[in-house]
Amino acid sequence: MTTLLTPAAALRRIAFLLERAREPTHRVSAFRTAAAVVDSLPEGELDRRIRTRTLTDLRGIGPKTGAAIVQAHAGEVPEYLARLEEALSELVPLADDVAEFRATLRGDLHTHSDWSDGGSPIREMAEAAIALGHEYMALTDHSPRLTVANGLTAARLERQLDVVAELNEELSPFRILTGIECDIHLDGSLDQTDELLGRLDVVVASVHSDLRAESAVMTERMLAAVANPHTDVLGHCTGRLLVPREQREGRRQRPRPESAFDAEAVFSACVEHGTAVEINSRPERLDPPLRLLALAVELGCQFSIDTDAHAPGQLDWQSNGCERAVETGVDVDRVVNTWTADELLDWTTA
41 MTTLLTPAAA LRRIAFLLER AREPTHRVSA FRTAAAVVDS LPEGELDRRI RTRTLTDLRG
101 IGPKTGAAIV QAHAGEVPEY LARLEEALSE LVPLADDVAE FRATLRGDLH THSDWSDGGS
161 PIREMAEAAI ALGHEYMALT DHSPRLTVAN GLTAARLERQ LDVVAELNEE LSPFRILTGI
221 ECDIHLDGSL DQTDELLGRL DVVVASVHSD LRAESAVMTE RMLAAVANPH TDVLGHCTGR
281 LLVPREQREG RRQRPRPESA FDAEAVFSAC VEHGTAVEIN SRPERLDPPL RLLALAVELG
341 CQFSIDTDAH APGQLDWQSN GCERAVETGV DVDRVVNTWT ADELLDWTTA
């Protein structure tokens with residue numbers, strides 16, 4: 041039987057067991073969605089909802105998920121989880137391994153705020169990270185070329201650096217690491233000035249355009265970005281989208297297949313240049329796919345398990361990446377966000 045869990049953690053454990061048991065996707069998603077709803081509630085709101093019996097009035101929480109939340113909040117193992125663990129006892133050790141792996145993560149190196157296409161202010165994202173027990177969070181809003189995501193011009197990024205400095209004084213010892221999710225241009229260059237990139241703590245480089253390019257073209261583009269001395273993390277490397285998703289201003293993005301590229305060449309270059317491969321934990325991405333993640337492990341890559349969060353509740357999606365890391369044999373010591381902030385910054389500035 042599992043140890044006592046927070047309501048959100050109990051919901052995620054149920055989702056994990058259901059997914060491994062090959063239950064329908066909608067059942068798995070119901071528990072993950074409810075966990076995200078719980079994580080997004082302001083302090084004291086969960087108590088109030090339970091006390092007034094209005095928990096299921098919240099969108100995303102139904103009778104089953106609501107019952108599990110109430111029981112976990114009372115310090116009990118939810119009955120639904122207990123039945124699952126009894127029926128799926130062979131999966132419990134794996135779930136425990138995932139929880140243990142998740143506990144080693146000290147921060148998240150890929151997050152967004154309302155400065156670009158996120159939905160919440162920087163402070164709210166930081167406070168949510170603190171509530172999860174993180175020691176740091178890299179703020180990586182988009183670069184200027186990605187206008188659809190309200191990418192930051194050089195001037196806006198400089199203003200953001202001042203805001204982050206002020207917040208770090210208030211939130212210490214928690215630290216917001218300065219950063220950017222930098223678009224990779226068609227020629228492999230990065231979408232920001234060298235001077236500004238050199239001032240940032242963390243640079244995540246990602247492809248967001250021309251995703252259906254020929255393999256050879258995409259490979260050269262990615263190799264150039266990985267070799268750039270400013271690049272610390274290669275973000276969501278295949279660019280795939282497994283399910284539709286909503287974007288800003290009501291736009292809807294359809295599922296998208298993987299980009300084609302020479303994964304062995306790109307991952308080998310990541311090893312050569314000290315660039316971490318991101319294990320992107322967003323449910324609609326889960327990128328790289330397991331076969332490519334296994335290849336990156338075999339080639340000796342370092343990794344960063346990130347949420348690509350655009351809202352506070354999404355910061356807890358790291359468990360998705362941890363599941364995939366455990367499944368493919370990723371060594372904890374090769375995950376850069378298990379390191380302290382000082383160790384991480386020694387690596388990014390080396």
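Quick note, this note's numbering runs 40 ahead of the 1-based positions in the sequence shown.
From the three backbone atoms N, C-alpha and C, an ideal C-beta is built for every residue, glycine too.
It should be emphasised that the depicted structure is a prediction, and the values quoted were computed from it without experimental measurement.
Identify the residues that DSSP records as bridge partners of residue i: which are they?
i: I162; result: Partner(s): none; I162 has no beta bridge.
i: V273; result: V244 and A316
i: L230; result: I224
i: A349; result: T151
i: R296; result: L281
i: V306; result: The partner list for V306 (beta bridge, DSSP) is empty, contrary to what the question assumes.
i: V337; result: Looking at the DSSP assignment, V337 forms no beta bridge with any residue, so it has no partner.
i: V375; result: F343
Once you ignore the five residues that flank residue i on each side, which residues in its own chain have a CB closer than 6 Å to its CB?
i: G369; result: V337
i: G147; result: H174, E175, Y176, M177 and N377
i: L58; result: R67 and V68
i: R407; result: Nothing can be reported for residue 407, as the shown portion of the chain is limited to 41 through 390.
i: N190; result: S156 and D157
i: V110; result: I90
i: H448; result: The structure shown does not extend to residue 448, since the chain spans only 41 to 390, so no value can be given for it.
i: A168; result: P352 and L355
i: F56; result: A135
Sorted by chain position, which residues of the same chain lie with C-beta nearer than 7 Å to residue i's C-beta, five sequence neighbours on each side aside?
i: S153; result: S160, P161, I162, M165, L179 and D181
i: T105; result: L51, A70, F71 and A74
i: A305; result: T259 and L263
i: F391; result: Because the chain in this structure spans residues 41 to 390, residue 391 falls outside the shown range and cannot be described.
i: L207; result: I162, R163, A166 and I216
i: L240; result: T218, G219 and I220
i: L186; result: D223 and H248
i: L385; result: D241
i: E367; result: L330
i: D250; result: L226
Would you give the residue range spanned by the alpha helix (DSSP H) that residue i belongs to?
i: H66; result: T65 to S80
i: L237; result: D234 to R239
i: D382; result: A381 to T388
i: E221; result: From DSSP, E221 is part of no alpha helix (DSSP H) but of the beta strand (DSSP E) over R215 to D223.
i: D87; result: E85 to R91
i: S255; result: S255 to A267
Just curious, the beta strand (DSSP E) that residue i is in, first and last residue?
i: T151; result: G147 to T151
i: I54; result: It is not in any beta strand (DSSP E) - I54 instead sits in the alpha helix (DSSP H) that spans P47 to R60.
i: L326; result: Looking at the DSSP string, L326 is not in any beta strand (DSSP E), and its letter there is neither H nor E.
i: S359; result: Premise fails: S359 lies in the alpha helix (DSSP H), Q358 to T368, not in any beta strand (DSSP E).
i: S344; result: F343 to D346
Considering only residues of the same chain and omitting the five flanking positions on each side of residue i, which have a CB-CB separation below 8 Å?
i: P103; result: T96
i: P323; result: S69, R72, L282, V283, W357 and N360
i: M41; result: With a pLDDT of 48 at M41, under the threshold of 50, the modelled position of that residue is not reliable, and the figure given next carries that caveat. Hits under 8 Å: V117, A122 and E125.
i: R325; result: H276, R280, L281, L282 and D348
i: L7; result: No answer is possible for residue 7: it lies beyond the span of the chain, which begins at 41 and ends at 390.
i: I170; result: L211 and F214
i: L335; result: A303, E304 and F307
i: D231; result: S183, P184, R185, L186, G191, C222, D223, I224 and H225
i: V203; result: I162
Taking 8 Å as the cut-off, is the beta-carbon of residue i closer than that to any non-hydrogen atom of the ligand MG?
i: S249; result: With respect to the ligand MG, the structure shown offers nothing to examine, as it has no ligands at all.
Exercise for review: Say whether the segment 127-139 touches the segment 63-79, bearing in mind that this needs 3 or more beta-carbon pairs closer than 8 Å, one atom from each stretch.
Suggested key: no
Review point. Would the segment 260-270 and the segment 242-251 be scored as touching if the rule is three or more Cβ pairs under 8 Å?
Key: Touching, yes, given that three or more Cβ pairs across the two stretches are closer than 8 Å.
**Study point:** 3 or more residues per run - each beta strand (DSSP E) lying fully within the segment 105-156
**Key:** 147-151, all fully within the segment 105-156.
Check your understanding: Counting only runs that start and end within the segment 169-216, where is the beta strand (DSSP E) found for 3 or more residues in a row?
Key -> Unbroken beta strand (DSSP E) stretches of 3 residues or longer found wholly inside the segment 169-216: 176-179, given in chain order.
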